[in-house]
Amino acid sequence: MPEAGSDESIPPSEVLERFDRDESDDNDTSKDSEKLKVVETDSATTKDERSSMSGHNTGDNGEEDEEEEEEEDTEPPMLKYTRITKLPKNFFQRDSISACLFHDKLFAFATHSGIIHLTEPDLTTIRTFKCHRSSIMAIHTDGEYFATASIDGTVVVGSIENASDIMAFDFKRPVHSVVLDQNYRTSKVFISGGMAGEVIVSQRNWIGTRVDTKVDRDHGPIVGIYTVDDIVFWMNDSGITFYSISSKSKLLCVPFPTDDSIRPDLYRPRVHFPEVNTIIVCWGVSVWTFKVSLANQIDRQKKLGSILTTAASSLRALPDKKVELETYFKMDCLIAGVASFKDDQLLVLGINAFNSKSGPPELKVVDMLTGEEIHNDEIISKNFQNLSLNDYHLGKYIGANTPEYYLISANDAILVKELTLEDRYTWYMENRFYFKAWEVGRFVMNDVDRLKTGLAYINQILEEKKWDEAAKMTNTIFGAFPWKSAEDAAARPFARNSWQDIIRRFFDADKVNLIAPHIPTEPQLDTAIYETVLFFYIDENSSSQLSEYSKKWPFGYYSPDILEDKLEDKLRDVEGELRREFCQALCHLYLVHKKYLPAVGHLIDMKDPEALDLLIKEDMLVTFLDRLVEIILLPYAGPVEEINNLSLGVAQTTFSKPVELLVQNRNSIPMSQIIDTFSQELQIILFLYFKGLSAVEPLMAVPYETQLVELYARFKQSELLSFLKKHSNYDIDRAIKICSQKDGYHQELIYLWGKIGETRKALSLIIDKLNDPALAISFVIDSNDSDLWHFLVSYSLDKPNFIKSLLEHRDEYGEKTLEVMKKIPPDTELDDDLRLILGNITRDNWLSLSVNKGVFKIIDDETKEVALEFLETRSRGKLFDGTII
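Okay, so the sequence shown: first residue is 1 according to the UniProt record's numbering, each after it adds one.
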């Protein structure tokens, strides 16, 4: 049942004793932001400390730990620390802080002398005054009002904005904790507890009297009270108790561990709410994480006041809210503060619980689920040797940028922040980790400053003589510079000049080979940079590198004339394959700059067939007539004396471009020079040339048909007869001589003999050489010469196969067959074939005679009939044109 408080209220006049801030003794002239020296402890050190605490000796692991420490020292600390100097200096010189509050709208700092200091989140003072006679143990706010609890037995509730709206409530026993209803303005409800061992819900009723309701009692001093939604939970000797306001029932009670040898009433619990429905409780060395089911909107309207009213007690109790213990773990230190960090991590302020002498506090980053320690910083705060766990506080405030953490002790105030990218950049620069600073600088620096950071790294490794690494990094660092979109117009010239300066340092150290692959084409550097590299490779006889870079870099990047002159001089000093390679590089330069004459000359020297393409394309063979044979032989790699022995197909393929070049220049090169040049060892070239010439301009080849006969006879006999028949401007006698000197040219000789009327010679050749009766008979018939027929018959009588062919050839009247039969010698032996032929002739003649007789009789009969008809007609008279005949 609710009961009236023994002390209604204390008038404001007795509470509002202004805090007299005497700063006459304050000689501190430090700035508002003073850097705090932090000793960072890495994971290896932490392991050693744990081993030492548990009595284990690390032994030989020291060297390994030292290596790990050195490795981790290359990364900046996770957190940065700044001493807060905007709080009243008397707090740290004459008084000490006993309680803190960090809210979205309000910061509050209270001292052991009962003074409270209210500020904006930026530490701008709202007001400072004394509201208690002794130590303030707790502060709470709903955003509009604040409440403080003190060991002087009072709770003070006041308006943040209205200094006159303040009340004090006396509970006669030290009060350790207090919380306001989140709608205190209308409900006037707060909950408190302390050494009386009672959890008391207090409310000022409509007549101004305080009404108290005791929710829990007789379980030891209340060391902490907190609320989340319509759930209130507190800590005492029985542990952590969760209580549902709406259902007026306990939801969960988690006992305090009994195996830690720690009295729960000696240490304040530390509570944090990382999310709306998540509660983290740290107490002693233990860490609990609870998950709470939130009340609905109707439940929230009841708030704390529903416990106090009779009407509320008549309402049907809603189902209890569910509170679950999600995780639990222990740490190796007493916990003086906790706040959520990032990625399911906690920031824990710990005090060494295992040494009799108090050490500096440690700020640890731990995994919220497992308790695994991720990071550890040892904080050297003021007067830490004389402080205990309850003298420390840790608060979190999420501002406009990164979260801020406030580490407050009785005698010190420290702002803790996670390092920003700019902070990381600064740390890397201060510790000479310039490359990492350059990487981070991408996000925090302008283009020029970032480049300067990269230059610092390059200079650093150059000082260490790490030439390979420096060469690669020049490309990486300068390549990352935004050449096309640099913010400042002066940035590009600066970057370009800086890049050139670094490259020249390599040149001066004779490290051209190392820097050359990293010299850019964009941006374009000074001409001297590119020429230095090219000249270096010429002097070093590095023809492959010279060729590579002369092709890689645009020709406007260096002076081609100077490079060409240097290469021409170089060719005079080298021989063999090296000379060829330099010559190729020189030709490349000439060709790109369209200096074809010197290029062709060098290509001919190298026997490079590319010269043919240039001569054809640019039509400048006349300039190199003195090297005509060299040019024609460019695609041929064999002995010259073997060229005429090549098959015509191979020759046509091999010398297609040279022949094309000659034909193209038919009007520029005298034919006599062509013939003189190729009529001996290169006759096959001459033949291919004449063929090509005949295809494009036949009249030019007419005067040279006699030479063509000889060439056809040597290289293309299969086309010689066709050539002889199609052309007539050749010397027939020469042609006959040519064909007579070669075996197998009978067809050509037959044609030539026949063409000049030497038919009997031609016929004799057919009979004697070819032994072809059919061809002989055909030749005689085509000649239409009867004497030649008689010659054939007479010349063939001793040749049975010819006699057979002659007998088988039938003329219209059989006269020729009869002539052959008459001239066959009587003593000629008749073989079966000849006997058969003669029998067939006799039979055919008999049949012919029989047919002739039949035909004659038919004709005779028809003649007689016509004659009789004529005589009869003649004896009659007939009218013809009116006249009787």
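Here a beta-carbon is modelled for each residue, glycine too, at the ideal position from N, C-alpha and C.
Suppose you measure from the CA of Leu871 to the CA of Gly754; what does that come to, to the nearest Å?
Here residue 871 corresponds to residue number 871 of the sequence shown, with the count starting at 1. Here residue 754 corresponds to residue number 754 of the sequence shown, with the count starting at 1. Answer to the nearest angstrom: the Cα atoms are 60 Å apart.
According to DSSP, is Glu872 part of a helix, a strand, or is it coil?
Taking the sequence shown and counting its residues from 1, the one referred to as residue 872 is at position 872. Residue state for Glu872 is assigned as helix, using DSSP reduced to three classes.
Just how far apart, CA to CA, sit Val440 and Pro598?
By one-based count along the sequence shown, residue 440 stands at place 440. By one-based count along the sequence shown, residue 598 stands at place 598. Straight-line Cα distance between these residues: approximately 55 Å.
Ranges of the alpha helix (DSSP H) found wholly within the segment 431-503, counting only runs of at least 4
DSSP runs (the alpha helix (DSSP H)) wholly in the segment 431-503: 434-444, 447-463 and 467-479.
For Cys253, does the three-state DSSP call read helix, strand or coil?
In the sequence shown, counting from the first residue as 1, residue 253 sits at position 253. The three-state secondary structure of Cys253, taken from DSSP, is strand.
Helix, strand or coil at Ile674 according to DSSP, with G and I counted as helix:
To locate residue 674, count along the sequence shown from 1; it is residue 674. Of the three classes helix, strand and coil, the one that applies to Ile674 here is helix, per DSSP.
Taking DSSP as the reference, what is the three-state secondary structure of Asn645?
Sequence index remark: in the sequence shown, residue 645 carries index 645 (1-based). In the structure shown, Asn645 adopts helical secondary structure according to DSSP, grouped into three states.
Spatial neighbours of Glu326 within its chain, please: CB distance less than 6 Å, with the 5 preceding and 5 following residues excluded, ordered by chain position.
To locate residue 326, count along the sequence shown from 1; it is residue 326. These residues qualify, in order along the chain: Thr289 and Lys291.
Quick one: what does DSSP say Thr402 is sitting in, helix, strand or coil?
Within the sequence shown, residue 402 is the residue found at index 402, counting from 1. Per DSSP, reduced to three states, the secondary structure at Thr402 is coil, with no helix or strand assignment.
Mark Arg450 as exposed unless 16 or more other C-beta atoms lie within 10 angstroms of its C-beta, in which case mark it buried.
Here residue 450 is taken as the residue at index 450 of the sequence shown, counted from 1. So Arg450 ends up on the buried side.
Is DSSP giving Cys333 helix, strand or coil here?
The residue labelled residue 333 in the question sits at position 333 within the sequence shown. In the displayed model, Cys333 falls within a strand according to three-state DSSP.
Using a 10 Å radius around the Cβ and a threshold of 16 neighbouring Cβ atoms, would you call residue 886 buried or exposed?
Residue 886 falls outside the range modelled here, since the chain spans only 1 to 885, and no answer is possible.
Between the C-alpha atoms of residue 955 and Val622, what's the straight-line distance to the nearest angstrom?
Lying before the first or after the last residue shown, residue 955 is absent from the chain, which here runs from 1 to 885.
Do Lys657 and Ile604 have their C-beta atoms within less than 8 Å of each other?
Position 657 of the sequence shown, counted from the start, is the residue given in the question as residue 657. Position 604 of the sequence shown, counted from the start, is the residue given in the question as residue 604. No; because the gap between Cβ atoms is not below 8 Å, this pair is not in contact.
Strictly by DSSP, which residues pair up with Asp216?
If you number the sequence shown from 1, residue 216 lands on position 216. Assignment of beta-bridge partners to Asp216 by DSSP yields Val199.
Closest by C-alpha distance to Pro609, when choosing among Ala585, Tyr636, Leu625 and Asp626:
Here the question's residue 609 lines up with position 609 in the sequence shown. It is Tyr636 whose Cα lies nearest to the Cα of Pro609.
Please check the pair Glu681 and Val650, which I expect to be a contact at CB under 8 Å, by giving their CB distance rounded to whole angstroms.
Stepping through the sequence shown from its first residue, residue 681 is reached at position 681. Stepping through the sequence shown from its first residue, residue 650 is reached at position 650. The Cβ separation is near 16 Å, so there is no contact.
My assumption, with CB atoms under 8 Å, is that residue 886 sits in contact with Glu710. Please give the rounded CB distance.
Here the chain comprises residues numbered 1 to 885, so residue 886 is not present and cannot be evaluated.
State the Cα-Cα distance for the pair Leu571 and Ser543, rounded to the nearest angstrom.
Numbered from its first residue, the sequence shown carries residue 571 at position 571. Numbered from its first residue, the sequence shown carries residue 543 at position 543. Counting only the Cα atoms, Ser543 lies some 11 Å from Leu571.
I'd like to know if the segment 477-496 and the segment 530-541 are in contact, where contact means that at least 3 CB-CB pairs between them fall below 8 Å.
Contact between the segment 477-496 and the segment 530-541 is absent: fewer than 3 CB-CB pairs across the two stretches fall below 8 Å.
Does DSSP put Ala867 in a helix, in a strand, or in coil?
In the sequence shown, counting from the first residue as 1, residue 867 sits at position 867. Helix, per DSSP.
Looking only at C-alpha atoms, which of Thr453, Lys382 and Ala99 sits nearest to Ser150?
Position 150 of the sequence shown, counted from the start, is the residue given in the question as residue 150. Minimum Cα-Cα distance from Ser150 among the listed residues Thr453, Lys382 and Ala99 corresponds to Ala99.
Nearest by alpha-carbon distance to Ala196: which of His518, Gln345 and Val175 is it?
In the sequence shown, residue 196 corresponds to position 196, counting from 1. Nearest option by C-alpha distance: Val175.
Helix, strand or coil at Cys131 according to DSSP, with G and I counted as helix
Locating residue 131 in the sequence shown gives position 131, where the first residue counts as 1. The answer is coil: DSSP assigns Cys131 none of H, G, I, E or B.
CA-to-CA distance, Arg127 to Thr119, given in whole angstroms
Residue numbering aside, residue 119 sits at position 119 when the sequence shown is read from its first letter. Residue numbering aside, residue 127 sits at position 127 when the sequence shown is read from its first letter. A straight line joining the alpha-carbon of Thr119 with that of Arg127 spans about 7 Å.
Report back the beta-carbon spacing between Phe146 and Ile160 to the nearest angstrom; my notes put them in contact at under 8 Å.
In the sequence shown, residue 146 corresponds to position 146, counting from 1. In the sequence shown, residue 160 corresponds to position 160, counting from 1. The beta-carbon separation of Phe146 and Ile160, rounded to 6 Å, stays under the 8 Å limit for a contact.
In angstroms with no decimal places, state the Cα-to-Cα distance between Asn431 and Arg424.
Position 431 of the sequence shown holds residue 431. Position 424 of the sequence shown holds residue 424. Rounded to whole angstroms, Asn431 to Arg424 spans 11 Å at the Cα level.
For Leu371, which option in Gly576, Val276 and Val348 has the closest C-alpha, if you only look at C-alpha atoms?
In the sequence shown, the residue the question calls residue 371 occupies position 371. Reading off the sequence shown, one finds Gly at residue 371, where the question assumed Leu. Per the Cα distances, Val348.
With DSSP run on the structure shown, which of helix, strand or coil describes Val338?
On the sequence shown, position 338 is the one that residue 338 refers to. Strand at Val338.
Using the beta-carbon count (16 or more within 10 Å), is Gln203 buried or exposed?
Within the sequence shown, the letter at position 203 stands for residue 203. Under the 10 Å beta carbon count, Gln203 is surrounded by 16 or more other beta carbons and is classified as buried.
Can you say whether Pro703 is buried or exposed, counting buried as having 16 or more other CB atoms within 10 angstroms of its CB?
The residue labelled residue 703 in the question sits at position 703 within the sequence shown. The residue is exposed, with fewer than 16 neighbouring Cβ atoms inside 10 Å.
Residue range of the unbroken alpha helix (DSSP H) whose run includes Ser543
Residue 543 sits at position 543 when you count from the first residue of the sequence shown. For Ser543, the uninterrupted alpha helix (DSSP H) segment begins and ends at Ser543 to Lys552.
Simplified DSSP state of Thr370, which is helix, strand or coil
Translated into the one-based positions of the sequence shown, residue 370 becomes position 370. Reduced to three states, the DSSP call for Thr370 is coil.
Reduced DSSP secondary structure (H/G/I, E/B, other) of Gln297
Position 297 of the sequence shown holds residue 297. Residue placement at Gln297 is poorly supported in this model, since its pLDDT is 47, which falls under 50; the coordinates still yield a value, given next. If DSSP states are grouped into helix, strand and coil, Gln297 belongs with the helices.
For the alpha helix (DSSP H) holding Tyr689, just list the boundary residues, first then last.
As a first step, residue 689 is located in the sequence shown; it is residue number 689 there, counting from the start. Start and end: Gln683 to Val696.
Which two residues bound the contiguous alpha helix (DSSP H) that contains Glu581?
Indexing the sequence shown from 1 puts residue 581 at position 581. Per DSSP, Glu581 is one residue of the alpha helix (DSSP H) stretching across Gly576 to Val592.
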